[in-house]
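Asks: Order-wise, the sequence lines are chains S and A.
Going by our numbering, the first residue of the first sequence is number 1, and it counts up by one from there.
Going by our numbering, the first residue of the second sequence is number 324, and it counts up by one from there.
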Amino acid sequence: MTKTVNQKAWLLVLPVFLVVAFSAVLPLMTVVNYSMQDTFGNNQFFWNGIGWFQELLDPASQFGERFFDALWRNLLFSAVILAIEVPLGIAVALAMPREGRAVAFCLVVMALPLLIPWNVVGTIWQVFARGDIGLLGYLINRLGIDYNYAGSALAAWSTIVVMDVWHWTSLVALLCYAGLKSIPDAYYQAARIDGAGALAVFRTIQLPKMRRVLLIAVLLRFMDSFMIYTEPFVLTGGGPGNATTFLSIDLVKLALGQFDLGRAAAMSLVYNLIILATCWVFYTVMTNVDAGSRAAPAQSDPADAAGSSLPPAATVALDRRAA
Amino acid sequence: MRGRNVVMTLYLLFLMLPIYWLVNMSLKTNQEITTGLTLWPRDITFANYVRIFTDPSWYGGYLNSLTYVGINTVLSIGLALPAAYAFSRYRFIGDKHLFFWLLSNRMAPPAVFALPFFNLYSAVGLFDTPWSVALAHCLFNVPLAVWILEGFMSGVPREIDETAAIDGYGFPRFFVRIFMPLIASGIGVAAFFCFMFSWVELLLARTLTSVNAKPIAATMTRTVSAAGMDWGLLAAAGVLTIVPGALVIWFVRNYIAKGFALGRV
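(1) Can you confirm whether Y391(A), when its beta carbon is compared against all beta carbons of chain B, has any partner nearer than 8 Å?
(2) Nearest by alpha-carbon distance to V469(A): which of W424(A), M339(A), P432(A), N535(A) is it?
(3) Exposed or buried, what is A298(S) when buried is set at 16 or more other beta-carbons lying within 10 Å of its beta-carbon?
(4) What is the residue span of the alpha helix (DSSP H) that Q189(S) lies within?
(5) I'd like the list of long-range same chain contacts for P232(S), defined as Cβ closer than 6 Å, with 5 residues on each side in sequence excluded.
(6) Using the Cα positions of S61(S) and E55(S), report the straight-line distance between them to the nearest angstrom.
(7) Under 7 Å, CB to CB, which of the residues in the region 417 to 431 of chain A have a partner in chain S?
(8) To the nearest angstrom, how far is the alpha carbon of L310(S) from that of A407(A)?
(9) With L525(A) and T230(S) assumed to form a contact (beta carbons below 8 Å), what rounded beta-carbon distance in angstroms separates them?
(10) Can you pull the DSSP bridge partners for D38(S)?
(11) Can you find a C-beta in chain A that's less than 8 Å from the C-beta of M36(S)?
(12) Can a CB atom of chain S be found closer than 8 Å to the CB of Y408(A)?
(13) Please list, in chain order, the residues of the region 520 to 533 of chain A that have any C-beta partner in chain S closer than 8 Å.
(14) So with CB distances below 8 Å, who are the chain S contacts of F461(A)?
(15) Does DSSP put V447(A) in a helix, in a strand, or in coil?
(16) Could you check which residue in G326(A), W573(A), L462(A), F520(A) has the C-alpha nearest to that of V19(S)?
(17) Which of helix, strand or coil does DSSP assign to V5(S)?
(18) With a CB to CB cut of under 7 Å and the five nearest residues on each side skipped, what residues in its chain are close to T361(A)?
(19) Rounding to the nearest angstrom, what Cα-Cα distance links A348(A) and D132(S) in this structure?
(20) Any C-beta of chain S within less than 8 Å: which residues of the region 443 to 468 of chain A qualify?
(21) Mind checking if M543(A) is an interface residue toward chain S, Cβ cutoff 8 Å exclusive?
(22) How would you write the range of the alpha helix (DSSP H) that T123(S) sits in, first residue to last?
(23) From the DSSP output, which residues share a beta bridge with Y413(A)?
(24) Ignoring anything shorter than 4 residues, give me the alpha helix (DSSP H) runs that lie fully in the region 133 to 221 of chain S, in order along the chain.
(25) Taking the alpha carbon of L522(A) as the point to measure from, which residue in P208(S), H167(S), L115(S) has its own alpha carbon closest?
(26) What would DSSP say about N272(S), mapped onto helix, strand or coil?
(27) Quick one: what's got a C-beta closer than 7 Å to V562(A)'s C-beta in the same chain, skipping five residues either side?
(28) Per DSSP, what kind of secondary structure is G478(A) in: helix, strand or coil?
(29) Does DSSP put D418(A) in a helix, a strand or coil?
(30) T452(A) to K537(A), Cα distance in whole Å?
(31) Which residues in the same chain as V543(A) place their Cβ atom closer than 6 Å to its Cβ, once the five residues preceding and following it in sequence are excluded?
(32) Taking C-beta to C-beta, are G241(S) and A104(S) nearer than 8 Å?
(33) Run the CB neighbour count on W52(S), radius 10 Å, all protein chains shown included, and call it buried at 16 or more, exposed below.
(34) For the region 165 to 184 of chain S against the region 74 to 87 of chain S, are there 3 or more C-beta pairs whose distance is under 8 Å?
(35) So the alpha helix (DSSP H) Q110(S) belongs to, where does it begin and stop?
Structure representation (structure tokens):
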């Protein structure tokens with residue numbers, strides 16, 4: 001769709017701009033302010049320049065070591081989560097029933113974990129995985145494995161990973177399912193005529209068509225696991241020791257627990273910059289994928305456009321070309 | 324075919340089992356919970372639920388949560404509608420940068436904003452009111468709503484705008500009377516996701532409230548008492564937080580796939 005240049009459109013965007021600026025820019029300026037100052041209490045602040053940042057980015061200092069530990073721990077967690085949830089989500093999406101009431105039933109059950117408050121997710125697993133009153137913990141202990149998520153780092157990690165898989169795989173699955181739905185039947189018929197097996201169909205038809213939604217799924221899962229706070233906080237409180245202290249948990253401890261404003265602010269800014277940079281890379285790749293699929297000569301098939309906009313737009317474009 | 328059904332059944336079982344365990348526990352007495360593992364409640368009790376529905380400090384938490392979620396959803400959709408229209412129809416200076424900036428806020432970690440929000444809303448006198456939480460959640464819900472609505476609006480052909488203008492509709496009248504009904508399902512999907520992300524968030528909601536506007540999620544931490552954990556009560560409160568979400572899913576079940584089809588969550 002061609003867009004007309006109209007600077008008055010800013011008036012329509014202005015309310016959103018003001019609200020988001022109020023709740024994003026204003027607080028961030030406070031953070032920038034704190035990150036450059038030191039305080040000895042009593043609301044008296046002293047200029048500290050880039051001191052906090054130097055300490056934060058120096059792995060030799062105590063604070064820097066703590067930050068990098070949490071950062072690597074969090075990156076490892078995100079990597080594990082992506083490695084499990086993305087393939088599993090694709091598998092579940094492929095296993096969705098084709099039609100009938102079963103579809104609605106599966107959709108509702110799958111969406112359920114997404115709408116449970118995050119601390120309740122933590123509570124559910126806290127109860128479910130306990131050795132004395134939880135089914136999972138009881139069964140594992142009965143198998144002869146010593147399992148206690150409050151005691152061993154490995155048990156805590158695996159519980160949090162399983163919990164996150166339980167919580168968020170459905171999001172990946174629903175996104176992939178939506179991507180699969182946009183593939184017209186003609187593709188499958190053509191594949192059948194060519195005698196393509198299930199694997200070939202997956203590799204040459206389904207996977208390329210899911211590229212865009214998969215990209216979004218990876219972005220969302222990376223971002224959300226990178227700023228995970230509530231679920232592990234409820235389940236393990238960051239322990240045992242520091243084994244499950246991810247970046248957000250560490251930051252909240254620093255800011256709201258110890259009121260170490262300068263260090264917390266410096267850490268917030270670096271944390272935010274990492275996220276902003278990742279987000280930008282994904283956004284650029286995504287717009288390129290969009291532009292690529294629009295410019296491709298295969299534009300005459302509506303499925304390509306269906307991924308990026310709604311079917312009506314594609315149909316209209318086709319009608320226009322026909323006329 | 325067989326393999327697919329097995330995968331799906333196993334996955335659904337995996338999803339339902341922990342929830343079943345919570346429901347199971349909420350119907351037991353604390354004595355039964357702590358003395359041994361039973362797969363279903365031996366003598367069903369509704370005492371935990373009765374206590375939540377009769378104690379104002381418990382059911383008040385639900386009302387507080389629903390209040391700020393409601394305010395936030397209305398606010399987010401109301402603000403996002405005109406902005407999404409602008410993004411889907413016009414080009415203007417800085418539009419792409421503005422769009423990316425909005426999106427980046429969807430990804431911003433709440434932990435970064437907890438402390439400055441606390442300062443900000445205390446300074447303007449909104450601390451411990453539903454408004455503070457509703458406004459704070461706008462940080463990620465307004466960009467989300469703009470993103471989803473923009474996708475739906477781009478699907479409506481421009482010719483409709485032009486025809487309406489020729490027919491003598493002014494912009495506000497055209498927008499409310501003709502355009503909004505056309506994207507009704509889009510508004511529904513956007514409202515669903517706003518509800519969802521405001522309902523599940525805890526860190527900001529807990530930081531910005533103390534007594535009067537305390538959300539249910541924060542009330543739940545009270546079940547630790549001198550006599551140990553009140554597991555049954557905790558489980559019952561947890562089950563009740565799942566109910567609103569389940570209801571909302573049921574109403575939008577036919578649109579969920581469509582919302583996800585945009586890949587804009």
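All C-beta atoms, glycine included, are put in the ideal place defined by N, C-alpha and C.
Replies: Short version:
(1) In the displayed structure, chain B is absent; the protein chains listed are S and A.
(2) Against the second sequence, residue 469(A) aligns to sequence position 146. For the residues W424(A), M339(A), P432(A), N535(A), the minimum Cα distance to V469(A) belongs to W424(A).
(3) The residue labelled residue 298(S) in the question sits at position 298 within the first sequence. Because A298(S) sits at a pLDDT of 41, beneath the cut-off of 50, its placement in the model cannot be relied upon, and the point is left open.
(4) The residue given as residue 189(S) occupies position 189 in the first sequence. Where Q189(S) is concerned, the enclosing alpha helix (DSSP H) stretches over 185 to 193.
(5) As a first step, residue 232(S) must be located in the first sequence, where it is residue number 232. Same-chain partners within the cutoff: I160, T244.
(6) The count along the first sequence starts at 1 and reaches residue 61(S) at position 61. The count along the first sequence starts at 1 and reaches residue 55(S) at position 55. For S61(S) and E55(S), the distance between alpha carbons rounds to 6 Å.
(7) L421, F423, L425, L426, S427, N428, M430, A431
(8) The residue labelled residue 310(S) in the question sits at position 310 within the first sequence. The residue labelled residue 407(A) in the question sits at position 84 within the second sequence. Confidence at L310(S) is low in this model, with a pLDDT of 40, below 50, so the placement of that residue should be treated as unreliable; the coordinate-derived value is given next. Between L310(S) and A407(A), the C-alpha separation is close to 15 Å.
(9) If you number the second sequence from 1, residue 525(A) lands on position 202. If you number the first sequence from 1, residue 230(S) lands on position 230. Right, the Cβ-Cβ distance comes to about 5 Å (below 8 Å), so this counts as a contact.
(10) By one-based count along the first sequence, residue 38(S) stands at place 38. DSSP lists F46(S) as partners of D38(S).
(11) Mapped onto the first sequence, residue 36(S) falls at position 36. Not an interface residue.
(12) Position 85 of the second sequence, counting from 1, holds the residue named residue 408(A). It does: the Cβ of Y408(A) has a partner Cβ on chain S nearer than 8 Å.
(13) W522, V523, E524, L525, L526, T530
(14) The sequence position of residue 461(A) within the second sequence is 138, counting from 1. Here residue 461(A) turns out to be Cys, not Phe, going by the sequence shown. V19, V20, S23, listed in chain order.
(15) For the purposes of this step, residue 447(A) is identified with residue 124 of the second sequence, where counting begins at 1. Residue state, collapsed to three classes: coil.
(16) Within the first sequence, the letter at position 19 stands for residue 19(S). For V19(S), the nearest C-alpha among the options comes from L462(A).
(17) As a first step, residue 5(S) must be located in the first sequence, where it is residue number 5. Strand at V5(S).
(18) Here residue 361(A) refers to the residue found at position 38 of the second sequence. Counting only Cβ-Cβ distances below 7 Å, and skipping sequence neighbours, we find E355.
(19) On the second sequence, residue 348(A) is found 25 positions in, with the first residue counted as 1. On the first sequence, residue 132(S) is found 132 positions in, with the first residue counted as 1. According to the sequence displayed, residue 348(A) carries Met and not Ala. Rounded to whole angstroms, M348(A) to D132(S) spans 13 Å at the Cα level.
(20) L443, L458, A459, C461, L462, V465, P466
(21) Position 220 of the second sequence, counted from the start, is the residue given in the question as residue 543(A). M543(A) counts as touching chain S.
(22) On the first sequence, residue 123(S) is found 123 positions in, with the first residue counted as 1. Looking at the DSSP string, the run of the alpha helix (DSSP H) that includes T123(S) is 118 to 128.
(23) The residue given as residue 413(A) occupies position 90 in the second sequence. Bridge partners of Y413(A): T4(S).
(24) 135 to 142, 153 to 181, 185 to 193, 198 to 201
(25) Sequence index remark: in the second sequence, residue 522(A) carries index 199 (1-based). In the sequence under discussion, the amino acid at residue 522(A) is Trp, which differs from the Leu named in the question. When each option's Cα is compared against that of W522(A), the closest is L115(S).
(26) Residue mapping note: residue 272(S) aligns to position 272 of the first sequence, counting from 1. Here N272(S) sits in helix by DSSP.
(27) Taking the second sequence and counting its residues from 1, the one referred to as residue 562(A) is at position 239. Taken in chain order, the residues that qualify are L345, V346, S349.
(28) Sequence index remark: in the second sequence, residue 478(A) carries index 155 (1-based). The answer is coil: DSSP assigns G478(A) none of H, G, I, E or B.
(29) The residue you call residue 418(A) lines up with position 95 of the second sequence. In the structure shown, D418(A) sits in a helix (DSSP, three-state: H, G or I).
(30) On the second sequence, residue 452(A) is found 129 positions in, with the first residue counted as 1. On the second sequence, residue 537(A) is found 214 positions in, with the first residue counted as 1. Straight-line Cα distance between these residues: approximately 9 Å.
(31) Mapped onto the second sequence, residue 543(A) falls at position 220. It is worth fixing the name first, because residue 543(A) is Met in this sequence and not Val. Correct list, in chain order: A560.
(32) As a working mapping, residue 241(S) is identified with position 241 in the first sequence. As a working mapping, residue 104(S) is identified with position 104 in the first sequence. Against a cut-off of 8 Å, the Cβ pair of A104(S) and G241(S) comes out as no contact.
(33) Position 52 of the first sequence, counted from the first residue, corresponds to residue 52(S). It is buried - the Cβ of W52(S) has at least 16 other Cβ atoms within 10 Å.
(34) yes
(35) Position 110 of the first sequence, counted from the start, is the residue given in the question as residue 110(S). In the sequence as presented, Gln is not what sits at residue 110(S); that position holds Met. From DSSP, the alpha helix (DSSP H) with M110(S) extends over 101 to 111.
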